[in-house]
Amino acid sequence: MTLFERDAAHIAGTYARYPLEITGGEGSLLYGADGGEYIDFTAGIGVNIFGTRDPAWLAAVTEQLGKFQHTSNLYYTEPAIRLAEELCRRTGAGKVFFSNSGAEANECAIKAARLYGEATGRYRILTLEWSFHGRTLATLAATGQERFHRHFNPLPDGFVTVAANDIDALRAAVLKEDPVALMLETVRGEGGVLPLDPEFLSAAAELCRERDMLLIIDEVQTGNGRTGALYSYQKRGLEPDIVTTAKGLGGGLPIGATLFWGRTEGLFTPGSHGSTFGGNPVACAGAYNIVQRLDEKLFAEVEEKSAYIKRELASSPGVTEVRGEGLMLGVSTRRSADAVINECLRRGLLVLKAGDSVRLLPPLNIPGELLERGVSILKECTLK
Ligand SMILES: *Cc1c(COP(=O)(O)O)cnc(C)c1O
10 MTLFERDAAH IAGTYARYPL EITGGEGSLL YGADGGEYID FTAGIGVNIF GTRDPAWLAA
70 VTEQLGKFQH TSNLYYTEPA IRLAEELCRR TGAGKVFFSN SGAEANECAI KAARLYGEAT
130 GRYRILTLEW SFHGRTLATL AATGQERFHR HFNPLPDGFV TVAANDIDAL RAAVLKEDPV
190 ALMLETVRGE GGVLPLDPEF LSAAAELCRE RDMLLIIDEV QTGNGRTGAL YSYQKRGLEP
250 DIVTTAKGLG GGLPIGATLF WGRTEGLFTP GSHGSTFGGN PVACAGAYNI VQRLDEKLFA
310 EVEEKSAYIK RELASSPGVT EVRGEGLMLG VSTRRSADAV INECLRRGLL VLKAGDSVRL
370 LPPLNIPGEL LERGVSILKE CTLK
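See the structure below:
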């Protein structure tokens, strides 16, 4: 049996994989079992912030692995505390809860909103069309895309999807639903790399303040340097009550984090939430190494690379639009996104899909030469 057949025989059929087995990699290059070398514009869906086998991250992770790999949250461990201190120092948040994925980080935010609303009898959370918040039942209900809901009803109660970039629709929903929170992505990633209008965002934040609603920002994809800032809300001068993050935070190991400010800092008490694996010392040691290296110099580099990609693609006849920020870019093409992605794969470039667009999430430290080669392959693949 081939590897593909063994996968089909015994792995649950949730993924439509590309016909490629990855056997290794180095930085922004991945090696295939077919002997091919692939330029990586996916970073494991925005996870491998500094590429594959980044030496400094690897050293931090293996050092911790050599001490102890896990203890549970019954005891104190330094790596999680050190990481929480660093995240709070860099964001002004007061408290952090660690979990293992984006969906779990959002579940924690949803539970916090329920706690916050308890006194006033409010529990509904507004989310936006074309958003994506995860695959668990509650985060699926929060996800503003019908196609993910099909077959899984009834979903948990208390989530209302509202049109994005329409402040009147948001105001009307607030009056009708009396919600406790608004949850949003500043750039909707899985929905197609769709940035929210700045005017809508600031009006929405203002509305949350007026109505004593929590502003929850899902930075699972936009966070950790991806958009040219530690977190994308910081560039926008927003003051969220809760921020969730995951993907790039771990640099490759599973970790999620939910950050709390002000009135949400004290919501959880012993027993009200928890996780067996959350705050895992190996994942936290790696994440601490990553976060420390996300600095202004790197953000400037991210913006430069972003401008280069946008410039190159804007002049390409096969490209109709480029959206997004930093190294989180969505590319609309004349050919179907699937055709472009498959052609890129054949030519040694890995790219992602989001909505009907090609999505690029390369490692933030991708060398200029690989970036240029990758963009040139992409340009050619958008032409029929
Ligand atoms: C990927 C993603 C999630 C879900 O993260 P998992 O780690 O797959 O659970 C949630 N929100 C956003 C914005 C994402 O991009």
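Numbering of the sequence shown is given in the working numbering, commencing with residue 10 and proceeding in unit increments. We put the beta carbon where it would ideally sit given N, CA and C, even for glycine.
According to the neighbour-count rule (16 or more other Cβ atoms, all chains shown, within 10 Å of its Cβ), is residue i buried or exposed?
| i | result |
| --- | --- |
| L303 | buried |
| I387 | Note that residue 387 is Leu in the sequence shown here, rather than Ile. Buried is the call here. |
| K185 | exposed |
| G75 | exposed |
| P290 | buried |
| E194 | buried |
| H142 | buried |
| G81 | Per the sequence presented here, residue 81 reads as Ser, with Gly not at that position. Under this definition S81 is an exposed residue. |
| T61 | buried |
| R156 | exposed |
| F107 | buried |
| P326 | exposed |
| Y125 | buried |
| K314 | buried |
| L23 | Per the sequence presented here, residue 23 reads as Thr, with Leu not at that position. Exposed. |
| D166 | exposed |
| L210 | buried |
Give every residue of the same chain whose Cβ lies closer than 6 angstroms to the Cβ of residue i, excluding the five residues on either side of it in the sequence, and list them in chain order.
| i | result |
| --- | --- |
| L239 | R99 and L303 |
| G383 | I48, F50 and L358 |
| D365 | A346 |
| L29 | G41 |
| L12 | E30 |
| L247 | A214 |
Please tell me whether residue i and residue j are closer than 8 angstroms, where the distance is taken between their beta carbons.
| i | j | result |
| --- | --- | --- |
| E116 | A147 | yes |
| L379 | S37 | yes |
| L370 | L358 | no |
| S241 | T231 | yes |
| G201 | G339 | yes |
| V56 | K256 | yes |
| D250 | L224 | yes |
| A89 | C293 | yes |
| A65 | I58 | no |
| W139 | A181 | no |
How close, in whole Å, do the beta carbons of residue i and residue j come, if the pair is a contact with beta carbons under 8 angstroms?
| i | j | result |
| --- | --- | --- |
| A121 | F277 | 7 angstroms |
| L268 | G295 | Going by Cβ atoms, the distance from L268 to G295 rounds to 18 angstroms, so no, they are not a contact pair. |
| V171 | L164 | Not a contact, Cβ separation roughly 16 angstroms. |
| A8 | I176 | Because the chain spans 10 through 393 in this model, residue 8 falls outside it and cannot be assessed. |
| V183 | L216 | 6 angstroms |
| Y27 | G34 | Their Cβ separation, rounded to whole angstroms, is 15 angstroms, which puts Y27 and G34 out of contact at 8 angstroms. |
| E199 | A363 | 6 angstroms |
| M192 | A151 | 6 angstroms |
| T136 | F168 | 6 angstroms |
For residue i, which residues in the same chain have their Cβ closer than 8 angstroms to its Cβ, ignoring the five residues on either side in sequence?
| i | result |
| --- | --- |
| T329 | S341, T342 and R343 |
| D187 | R131 and R133 |
| E95 | Y297, V300 and Q301 |
| G3 | There is no way to answer for residue 3, as the model of the chain reaches only from 10 to 393. |
| G101 | W270 |
| T285 | S81 and N82 |
Less than 7 angstroms separating the Cβ of residue i from some heavy atom of ligand 1?
| i | result |
| --- | --- |
| H158 | no |
| K256 | yes |
| F286 | no |
| N115 | yes |
| A190 | no |
| F107 | no |
| A292 | no |
| R144 | yes |
| A112 | yes |
| E199 | yes |
| E194 | yes |
| F141 | yes |
| D227 | yes |
Is there at least one non-hydrogen atom of ligand 2 closer than 7 angstroms to the beta-carbon of residue i?
| i | result |
| --- | --- |
| Q230 | Absent from the structure shown: ligand 2. Ligands present: ligand 1. |
Excluding the five sequence neighbours on either side, which residues of its own chain have a C-beta within less than 7 angstroms of the C-beta of residue i, listed in chain order?
| i | result |
| --- | --- |
| C390 | V349, E352, C353 and R356 |
| F308 | G234, G237 and A238 |
| V311 | G234, G237, G335, L336 and L373 |
| V189 | A122, Y125, G126, R131, Y132, R133, I134, M222 and L223 |
| S229 | It should be noted that the sequence gives Val, not Ser, for residue 229. Once the five neighbours on either side are set aside, the close Cβ partners of V229 are G111, A114, T253, T254, A255 and K256. |
| T9 | It is not possible to answer for residue 9, since the shown part of the chain is limited to 10 through 393. |
| A323 | V331 |
| T145 | A112 and E116 |
Comparing the C-beta of residue i with each C-beta of chain D, is any distance below 8 angstroms?
| i | result |
| --- | --- |
| L149 | The displayed structure is made up of one protein chain only, and chain D is not part of it. |
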